[in-house]
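Residues in the sequence shown are numbered from 1 upward in steps of one, following the working numbering.
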Amino acid sequence: MSKQREIKTVGLIGSGMIGGTVARLAIAAGYDVVLSNSRGPETLADLVKELGQHACAGSPSEAAAAGDVVVVTVPLRAYNSVPVAPLQGKLVIDTNNYYPHRDGHFAELDNASTTVSELLQKHLPTAKVVKVFNNIYFKHLLALARPTGAADRTALPLAGDDAEAKALITAFLDRLGYDVVDAGTLADSWRFERDMPAYAVPYFDKSGAAPAAGVPNGAPADVAAIRAALAAAPSRSAS
Ligand SMILES: NC(=O)c1ccc[n+]([C@@H]2O[C@H](COP(=O)([O-])OP(=O)(O)OC[C@H]3O[C@@H](n4cnc5c(N)ncnc54)[C@H](OP(=O)(O)O)[C@@H]3O)[C@@H](O)[C@H]2O)c1
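Here you go:
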């Protein structure tokens, strides 16, 4: 990990709602991005065009090889198709959530013996996996980014087993427009997974304003709000 290069290029395995949003924020912050999906780079031509000259598309293996940090942002059911060899030793961000109706049942998640991101870490044993971006609706992620020091800055919880990787991702998030709350290890990351108080709701507007479409409008949530939401997590139990 001490050989980790400065982050210049962000690889994306998955370029949908959350992957496309992280790509937009990364381009705005001055990074290059390499997008990928399951259907091939030609299907990402419109998004590449929209993002401009600092974006291109490739296969998942090419995006993994190109990224100084690689964001895995596919439906959980596809996590074990993420290429292992090009991610050896790399900094990897995991945005994934477990929705059994979408992903099928995973016994080890249903019985609470592991976490979503521990599954990815097991699949990528030498990568440095950091969980972040999973707890915020993609439209809120785009709308709530603010420059460093802004009074209305929002915080995201992050978890990982490698302190240096967490520090690098914290600096990356600062450039993208977010403060960070360290929520512990990958084993602790259930604290900001689905149905927990730190999941999605802290970023909902509570003013009573009518939402634009279905989901409440986004509103900033600072470090104190995210710490409080993490602390309010009930004990973890099997579902
Ligand atoms: N949507 C949100 O607001 C949000 C927020 C936080 C976290 N998340 C989580 O982030 C993950 C991604 O969610 P999303 O909403 O962005 O999903 P999405 O819009 O459905 O996008 C999924 C992306 O993954 C790609 N993909 C699927 N299987 C793949 C594979 N085997 N190899 C490479 N790429 C593959 C898809 O490409 P193709 O279209 O070519 O198959 C698509 O680009 C999920 O775990 C979700 O729960 C979502």
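The beta-carbon is built from N, C-alpha and C at its ideal position, and this holds for glycine as well.
Fair warning: this is a prediction, and the values are worked out from it, not measured in the lab.
Shown here, K166 sits in a helix according to DSSP, grouped into three states. By the 16-neighbour rule on beta-carbons within 10 angstroms, S237 is exposed.
The stretch 5–12 makes contact with the stretch 21–38: 3 or more CB pairs, one atom from each, lie closer than 8 Å. DSSP lists V181 as the beta-bridge partner residues of P157. In this structure, ligand 1 has a non-hydrogen atom nearer than 7 Å to the beta-carbon of I13. Between ligand 1 and R39, a heavy atom-to-CB distance of less than 7 Å is present.
In this structure, V70 sits away from V22, with a CB-CB distance that is not shorter than 8 Å. DSSP places D222 in no beta strand (DSSP E); its state is neither H nor E. The DSSP-derived three-state label of A65 is helix.
Residue F192 holds the alpha-carbon nearest to the alpha-carbon of A232 among M17, V116, F192, L44. Within the same chain, and ignoring the five residues on either side of P75 in sequence, the residues whose Cβ sits closer than 7 Å to its Cβ are R102, D103. In the structure shown, A57 falls within a strand segment according to DSSP collapsed to helix, strand and coil. Of the residues K122, A221, A127, the one whose Cα lies closest to the Cα of P157 is A221. Bounds of the beta strand (DSSP E) holding T9 are 9–13. It is roughly 19 Å from the alpha-carbon of L91 to the alpha-carbon of Y178.
Here DSSP, grouped into helix, strand and coil, assigns A112 to coil.
The three-state secondary structure of L144, taken from DSSP, is coil.
In the three-state reduction of the DSSP assignment, I136 falls in the coil class. Beyond the five residues adjoining it in sequence on each side, L186 comes within less than 8 Å, by CB distance, of T115, S117, E118, Q121, V129, K131, A159, G160, D161 in the same chain, given in chain order. Just measuring C-alpha positions, the residue of A112, P83, A78, K166 sitting nearest A64 is P83. Straight-line spacing of the CA atoms in G19 and S235 works out to 30 Å. Excluding the 5 residues flanking it on each side, S61 has same chain C-beta neighbours closer than 7 Å at P83, P86, in chain order.
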